[in-house]
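Okay, so the sequence shown: first residue is 0 according to numbering that gives the first Met the number 0, each after it adds one.
Using N, Cα and C, we set each Cβ at its ideal position, and we do this for glycine too.
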Amino acid sequence: MKQELDTGKSVVDIAASKNVSKKDVMDVIAKAQIEVQFEGEETKETEEMMEDLLVKILHVIEYKSN
0 MKQELDTGKS VVDIAASKNV SKKDVMDVIA KAQIEVQFEG EETKETEEMM
50 EDLLVKILHV IEYKSN
């Protein structure tokens with residue numbers, strides 16, 4: 000993946016080339032972050048955090064280095 004990122008592709012570009020949707024990438028990253036921070040416990044707070052995370056994740060996964 001690093002090699003593909005180095006060519007200027009975004010995480011979204013790489014995922015799409017492997018038939019993985021942007022939403023799937025975002026969901027996996029957000030869920031992993033919440034599991035780490037909240038030890039897998041789902042609450043109202045984690046739902047709100049998920050919404051906030053999705054906005055931030057979108058910026059990261061769409062970034063292109065070139």
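Contact set for residue i: own chain, Cβ-Cβ below 8 Å, skip 5 residues either direction
i, result
"Ser64", "Leu4, Asp5 and Gly7"
"Ala29", "Met49, Leu52, Leu53 and Ile56"
Presumed contact (8 Å Cβ cut-off) between residue i and residue j, rounded CB distance
i, j, result
"Ser20", "Tyr62", "Their Cβ separation, rounded to whole angstroms, is 18 Å, which puts Ser20 and Tyr62 out of contact at 8 Å."
Cut-off 7 Å between Cβ atoms - residues of its own chain near residue i, not counting five sequence neighbours on either side
i, result
"Ile33", "Thr45, Met48 and Met49"
"Val59", "none"
"Asp12", "none"
"Met0", "Ile13"
First and last residue of the uninterrupted alpha helix (DSSP H) at residue i
i, result
"Met111", "In the structure as shown, the chain starts at 0 and stops at 65, and residue 111 therefore has no counterpart that could be examined."
"Val54", "Lys43 to Ile60"
"Glu34", "Lys21 to Phe37"
Own chain partners of residue i with C-beta closer than 6 Å, once the 5 adjacent residues on each side are dropped
i, result
"Met25", "Leu53 and Ile56"
"Ala14", "Val24"
For residue i, the three-state DSSP class (helix, strand or coil)
i, result
"Ser16", "helix"
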